[in-house]
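For reference, the structure discussed in these notes is given below.
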Amino acid sequence: MNLKEYYKYYLTLHQHPKCRLLHFVGQWVTILFTIFILYNWYWFLIPLIPFVIYPFAWSGHYFFEGNKPAAFVNPLYAKLSSTQSG
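So this is what it looks like as structure tokens:
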């Protein structure tokens, strides 16, 4: 499966508005957390970055979509798909 095909699959996993909202909030919290780390030179916190976004994203899938997160199938394509606008 190439990225274009995967993106179509990715969209089917993100239909519920609350799931999309949780992904949006998670992305921004992660960006702000990363800025905080870099600004304060708290390099030791870098490994925690994935633990900031995934609870937001995964809870959207489990509680609202009722499906498995795309990152479980192909983490790289899932991350690339999350940055596409359509």
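Counting from 15, one number per residue, gives the positions in the sequence shown under the numbering used here.
Don't be surprised by glycine CBs; every beta carbon is placed ideally from N, CA and C.
Keep in mind that this is a model prediction, so the values were computed, not measured.
Q. Can you tell which of K93, F70 and G74 has its C-alpha closest to the C-alpha of V43?
A. F70
Q. Do L36 and S95 have their C-beta atoms closer together than 8 Å?
A. no
Q) Is the distance from the Cβ of Q98 to the Cβ of Y23 below 8 Å? A) no
Q) Do I45 and I51 have their CB atoms nearer than 8 Å? A) no
Q) Quick one: what does DSSP say K18 is sitting in, helix, strand or coil? A) helix
Q. Between F78 and C33, is the Cβ-Cβ spacing less than 8 Å?
A. yes
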